[in-house]
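Count along the sequence shown from 1, then add 194; that gives the number in this note's numbering. Heads up, the beta-carbon is just placed ideally off N, CA and C, and yes, glycines get one too.
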Amino acid sequence: MGEILHARPDVYIYEDTIDYYRRESDNPLNYTVCAFSDQKKPLGIATMKILNEFSAELVVIAVLRDFERNGIGSSLLAAVETEARRRNKIFFTLKAFGPSDLDKQSQIALNFFRGHEICILGEYDFIWQGCYCALLAKRL
């Protein structure tokens, strides 16, 4: 997990955030999937957390830059959505930097989620201090 996130300083810039994602991926109550190369090199990771009886949240999804746009992120997302359905969740949610954040990586991420029928419910400036946070959801 850490090596994938540390390899993406353009996206994951805060060490405390990386530590949080690492703790969440290690939590046995959560569901984590990884993608590996044929040489067993980690290429991507996604972690889902159960929020309540109705919903699950994507905590993190990351793919090494050199392997983006090869279907790895889509496969990871499909795996965690499938697990959420298996656990009888109705909604799949996540937080991401919002559309008001003009950062190119944020816009790429939002387009990725939109392409998987995950829509923005709203954007707020009080969830993450100093950043616009979009709440996204999909009915499973």
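Please confirm whether residue i and residue j have their CB atoms less than 7 angstroms apart.
| i | j | result |
| --- | --- | --- |
| ILE212 | ALA256 | no |
| MET242 | ALA250 | yes |
| TYR318 | SER294 | no |
| LEU258 | LEU245 | no |
| VAL274 | TYR215 | no |
| LEU252 | LEU288 | yes |
Only counting the same chain, and skipping five residues up and downstream in sequence, which positions put a Cβ closer than 6 angstroms to that of residue i?
| i | result |
| --- | --- |
| ILE302 | none |
| THR226 | SER219, THR241 |
| ILE314 | ALA328, LEU330 |
| PHE261 | LEU237 |
| TYR208 | none |
| ILE239 | MET195, ILE198, CYS228, ALA256 |
For residue i, which residues in the same chain have their Cβ closer than 7 angstroms to its Cβ, ignoring the five residues on either side in sequence?
| i | result |
| --- | --- |
| PHE248 | LYS283, ILE284, PHE285 |
| ALA278 | MET242, ALA250, PHE286, LEU334 |
| PHE306 | GLY267 |
| LEU296 | none |
Measure the beta-carbon distance from residue i to residue j and round it to whole angstroms, keeping in mind my assumption that it falls under 8 angstroms.
| i | j | result |
| --- | --- | --- |
| ILE312 | LYS332 | 4 angstroms |
| LEU304 | ALA290 | 6 angstroms |
Please name the residue or residues paired with residue i in a DSSP beta bridge.
| i | result |
| --- | --- |
| GLU251 | LYS243, THR287 |
| THR226 | THR241 |
| CYS325 | For CYS325, which the question treats as bridged, DSSP gives no partner whatsoever. |
| LYS332 | PHE286 |
| ALA256 | ILE239 |
Whole runs of the alpha helix (DSSP H) within the stretch 273-318, excluding any shorter than 4 residues
298-308
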